[in-house]
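Report on the structure given below.
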Amino acid sequence: SGRRLTRRFIVTEGIFENSGKIAQLPKLLELKKKFKYRLILDESLSIGTLGKRGAGLTDYYNIN
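Numbered by our numbering, the letters in the sequence shown go through residues 11 to 74 in order.
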């Protein structure tokens, strides 16, 4: 019946456990707007360690 609904997801960690590298959140958000996917961000390692307030990756990049 009409258009088929397509759901796209990207799931990533804020800080990658094996390497300690930080996800490039601004780039992921830019791509999110372009390709219309849902971003699921696991901040279990980044909360308390990143950002001025320790609020994680979004705090680190100053993104609300």
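All C-beta atoms, glycine included, are put in the ideal place defined by N, C-alpha and C. The structure displayed is predicted, hence computed values, not measured ones.
{"Asked": "In chain order, which continuous runs of the beta strand (DSSP E) of length 3 or greater are located wholly inside the stretch 12-44?", "Found": "19-23"}
{"Asked": "Going by DSSP in three states, leucine 67 sits in which element: helix, strand or coil?", "Found": "helix"}
{"Asked": "With distances taken Cα to Cα, identify the nearest neighbour of isoleucine 20 among Glu27, Phe45, Ser29, Asn28.", "Found": "Phe45"}
{"Asked": "Please classify leucine 49: does DSSP put it in a helix, a strand, or coil?", "Found": "strand"}
{"Asked": "Return the CA-CA distance between lysine 62 and serine 56, expressed in angstroms with no decimal places.", "Found": "12 Å"}
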